[in-house]
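First comes the structure, then the notes that go with it.
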Amino acid sequence: MSILPIQALDAAAVDPALARAVQPTTIPTAASRAPEASFSRLLAEGVDGVNDKLIAAEDMATAFALDDSVPLHQVTYALEEARLSFELALQVRARLVEAYQELSRMQL
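Numbering (my numbering), first residue to last: 4 to 111.
Right, here's the structure in full:
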């Protein structure tokens, strides 16, 4: 008993418009993928992002206080976003310290 291979369906034979719409997909190989980010780089980018949000919120609050060129709701939103991102950074730091302490307590 033999099994014949399944032939690929030619989309152009069925519908030329379908052939133009359907593009073959390729699966990225390890060589074509972007290199994975290291933990230290991810952490540094996160800290930089929090810092940028804090600076932007401070600038908006200063602009609002000086000449009222920024609407109050935008200032409030920026301040709250900066506060939440800072709190998240503090929680991440607390978890990192906790993980470090747990590792230091392990016996080798």
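We put the beta carbon where it would ideally sit given N, CA and C, even for glycine.
query, result
"If you check the beta carbons only, do residue 85 and residue 59 fall under 9 Å apart?", "yes"
"Indicate whether residue 64 and residue 82 have their beta-carbon atoms separated by less than 9 Å.", "yes"
"What residue does the alpha helix (DSSP H) around residue 106 start on, and which one ends it?", "75-108"
"How about residue 49 and residue 100: do their beta carbons lie closer than 9 Å?", "no"
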